[in-house]
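Residue numbers (our numbering): 37 to 441. In this text, a Cβ means the ideal position worked out from N, Cα and C, and glycines have one as well.
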Amino acid sequence: MMNQIIKDIAMNLTNEVIDFTRETIAIPSITGNEGSVIERIKLEMEKIGYDKVWIDDMGNLFGQLGSGERLLAIDGHVDTVEVGNLENWNHDPFKGKFENGVIYGRGACDQKGGLASAIYSGKILKEIGVPGDITLVVVASIQEEIYEGLNWQYIIKEDRIKPEAVVLTEPSSLNIAIGHRGRVDIKIRTTGISSHGAAPELGDNAIYKIVPIVLDIQGMDSILPVDDIFGKANISVTDIRSTSPSINATADSSIIHVDRRLNQGDSLESIISEMEGLDSVKTAEAKVFVPEHEYKSKNGFVYPIKAYYPTWCMEESHPLVQTAIKAYQTQFEKEPILYHWRFSTNGAATKGIFNIPTIGFGPGYEKYAHTPDDQVPVEHLVKAMEFYTSFVKNWGNFKGYGSIS
Ligand SMILES: [Zn+2]
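And the structure:
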């Protein structure tokens with residue numbers, strides 16, 4: 037049986053995937069500093085025997101297997117968040133300590149472990165064969181932790197690589213993730229006219245104009261709609277600033293930052309008109325806008341991104357989800373759990389912006405991501421290797437994708 041063959045090969049690769057995961061954890065790769073770990077992973081892809089291995093101009097790494105017409109991507113970001121206060125760690129975050137079947141360190145679960153499993157599933161596929169009409173690219177992407185999906189905007193628009201489906205290796209406790217809520221950063225600015233503090237009536241104080249807006253938003257959170265998948269949406273004011281010629285003068289501008297968490301029905305347009313529709317915004321003639329960030333990497337690479345990360349959600353009946361369920365059932369002989377991540381991922385771009393069918397499956401528990409307990413069980417690494425392999429095999433069996441998306 038195919039599932040037993042995959043299981044046996046994965047079992048034999050256990051030590052290799054442990055060593056590789058530990059080694060990549062030991063190479064720090066905080067967002068913007070991914071070069072060294074990308075080079076190390078490239079070597080491993082070459083050693084395993086990927087048909088083609090390359091790095092794009094942004095710094096994302098690709099390993100290709102097979103040469104079929106249908107492009108399938110498995111994506112894992114290599115960057116991690118910072119370590120925070122070292123005193124909170126029981127293990128060196130950059131050693132990849134291995135103890136009682138668990139690997140510890142920054143990025144263990146989010147998500148160097150998942151990426152290692154994906155890369156090593158390539159080794160299994162080398163042995164049992166990639167389905168004839170499939171080209172598989174395993175992508176080690178960069179700069180996810182600050183602007184999730186920026187990498188895939190680049191890959192799709194600049195590299196012109198557009199797969200028909202994407203599997204994300206973010207930690208999912210070996211469950212099948214089919215979406216997450218989105219978020220958008222909003223700025224609201226009021227302008228005024230400064231006057232001497234001794235004669236405020238001669239000016240137009242921008243702070244007095246923004247305060248009613250702040251209060252409106254505060255009152256709004258509790259009445260935002262609830263949806264059946266993601267629960268209640270959220271809104272909060274997270275920053276406020278103002279300018280004036282001196283503290284002896286009334287403010288001539290004020291700006292707030294609004295963090296809005298999105299549900300299924302929310303779009304960039306709907307959120308902006310929701311804000312513009314507030315009486316306080318109209319009265320103050322305030323400007324509502326979504327900032328564009330320019331992300332600059334260490335080697336000088338600059339790419340603009342709008343601070344909008346859409347909600348995405350796959351239907352359970354979609355062929356991609358059905359294939360993932362089948363891959364899980366055939367490999368593990370039990371039913372998978374389907375769920376939605378709490379955090380945001382590159383799926384915000386692949387599915388949220390570009391509507392490429394996307395799912396997630398990864399080793400490790402979401403609750404350890406970004407914590408000083410960052411860890412991944414070896415058993416998960418092996419199971420994830422099995423799943424990715426089984427998924428590629430099953431995706432090869434599926435022929436009726438057509439125009440569904
Ligand atoms: Zn992640």
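- Query: How far does the beta strand (DSSP E) with residue 306 in it reach, from first residue to last?
  - Reply: For the purposes of this step, residue 306 is taken as residue 270 along the sequence shown, with counting starting at 1. Counting along the chain, residue 306 falls outside any beta strand (DSSP E), though it belongs to the alpha helix (DSSP H) covering 304–312.
- Query: From residue 43 to residue 139, what distance separates their C-alpha atoms?
  - Reply: Within the sequence shown, numbered from 1, the residue matching residue 43 stands at position 7. Within the sequence shown, numbered from 1, the residue matching residue 139 stands at position 103. Approximately 21 Å, taken between the alpha carbons.
- Message: Threshold first: 3 residues or longer. Then list the beta strand (DSSP E) segments lying entirely within the stretch 160–185, N to C.
- Response: The stretch 160–185 contains, as complete beta strand (DSSP E) runs of 3+ residues, the segments 170–177 (chain order).
- Item | Extent of the continuous alpha helix (DSSP H) run through residue 316 | Numbered from 1 along the sequence shown, position 280 holds the residue referred to as residue 316. That run of the alpha helix (DSSP H) goes 315–320.
- Query: What is the DSSP secondary structure of residue 257, counted as helix, strand or coil?
  - Reply: Numbered from its first residue, the sequence shown carries residue 257 at position 221. DSSP places residue 257 within a helical segment (H, G or I) once states are collapsed to three.
- Message: Can you confirm whether the stretch 278–291 touches the stretch 228–240 when touching is taken to mean that 3 or more C-beta pairs between the two stretches lie within less than 8 Å?
- Response: The answer is yes - the stretch 278–291 touches the stretch 228–240, with three or more Cβ pairs under 8 Å.
- Cβ contact check for the stretch 128–143 and the stretch 103–112: 3 or more pairs under 8 Å: Contact between the stretch 128–143 and the stretch 103–112 is absent: fewer than three C-beta pairs spanning the two stretches fall below 8 Å.
- Separation of residue 270 from residue 323, as counted between CA atoms: On the sequence shown, residue 323 is found 287 positions in, with the first residue counted as 1. On the sequence shown, residue 270 is found 234 positions in, with the first residue counted as 1. Residue 270 has its alpha-carbon roughly 21 Å from the corresponding atom of residue 323.
- Message: Can you give me the C-alpha to C-alpha distance between residue 430 and residue 218, rounded to a whole angstrom?
- Response: Counting from one through the sequence shown, the residue named residue 430 turns up at place 394. Counting from one through the sequence shown, the residue named residue 218 turns up at place 182. Each residue's Cα considered, the two are about 30 Å apart.
- Query: Grouping DSSP H, G and I as helix and E and B as strand, with all else coil, what is residue 118?
  - Reply: Within the sequence shown, numbered from 1, the residue matching residue 118 stands at position 82. Coil, per DSSP.
- Message: Just to confirm, is the Cβ distance from residue 399 to residue 210 under 8 Å?
- Response: In the sequence shown, counting from the first residue as 1, residue 399 sits at position 363. In the sequence shown, counting from the first residue as 1, residue 210 sits at position 174. Yes.
- Item | CA-to-CA distance, residue 360 to residue 374, given in whole angstroms | Numbered from its first residue, the sequence shown carries residue 374 at position 338. Numbered from its first residue, the sequence shown carries residue 360 at position 324. C-alpha of residue 374 to C-alpha of residue 360: approximately 10 Å in a straight line.
- Contact between the stretch 139–150 and the stretch 399–408 (3+ Cβ pairs under 8 Å): Cβ pair count under 8 Å is three or more, so yes.
- Message: Between the stretch 189–197 and the stretch 115–125, can you find at least three pairs of beta-carbon atoms closer than 8 Å?
- Response: With contact defined as three or more Cβ pairs closer than 8 Å, the stretch 115–125 and the stretch 189–197 are not in contact.
- Query: Exposed or buried, residue 245, counting other C-beta atoms within 10 Å across all chains shown (16 or more means buried)?
  - Reply: Position 209 of the sequence shown holds residue 245. Classification for residue 245: buried.
- Task: Locate the alpha helix (DSSP H) running through residue 422, then write down its first and last residues.
- Result: Taking the first residue of the sequence shown as 1, we reach residue 422 at position 386. That run of the alpha helix (DSSP H) goes 414–433.
- Query: Alpha carbon to alpha carbon, what distance is there between residue 207 and residue 112?
  - Reply: As a working mapping, residue 112 is identified with position 76 in the sequence shown. As a working mapping, residue 207 is identified with position 171 in the sequence shown. Going by the C-alpha atoms only, they are around 10 Å apart.
- Task: Please classify residue 371: does DSSP put it in a helix, a strand, or coil?
- Result: The count along the sequence shown starts at 1 and reaches residue 371 at position 335. Residue 371 falls in the coil class under three-state DSSP.
- Of all the options 204, 302, 420, 281, which has the alpha carbon lying nearest to the alpha carbon of residue 232? Translated into positions along the sequence shown, residue 232 becomes position 196. The residue with the shortest Cα to Cα distance from residue 232 is 281.
- Can you tell which of 425, 381, 95, 342 has the C-alpha that lies nearest to the C-alpha of residue 223? The residue given as residue 223 occupies position 187 in the sequence shown. Between residue 223 and the set 425, 381, 95, 342, the nearest pair of CA atoms involves 342.
- Task: Look at residue 181 and residue 115 and say whether their C-beta atoms are less than 8 Å apart.
- Result: Indexing the sequence shown from 1 puts residue 181 at position 145. Indexing the sequence shown from 1 puts residue 115 at position 79. Their beta carbons are under 8 Å apart, which means residue 181 touches residue 115 by this criterion.
- Task: Could you tell me whether the stretch 416–423 touches the stretch 152–169, where touching means 3 or more Cβ pairs closer than 8 Å?
- Result: Verdict: yes, contact present.
- Query: Just checking my contact of residue 104 with residue 167 at CB under 8 Å: how many whole Å lie between their CB atoms?
  - Reply: As a first step, residue 104 must be located in the sequence shown, where it is residue number 68. As a first step, residue 167 must be located in the sequence shown, where it is residue number 131. With a Cβ gap of about 7 Å, residue 104 and residue 167 count as contacting.
- Query: Which same chain residues, not among the five before or five after residue 320, have their C-beta less than 6 Å away from its C-beta?
  - Reply: Taking the sequence shown and counting its residues from 1, one reaches residue 320 at position 284. Taken in chain order, the residues that qualify are 226, 245.
- Item | Cβ-heavy atom distance, residue 135 to ligand 1, below 7 Å | Translated into positions along the sequence shown, residue 135 becomes position 99. Residue 135 Cβ: outside cutoff for every heavy atom of ligand 1.
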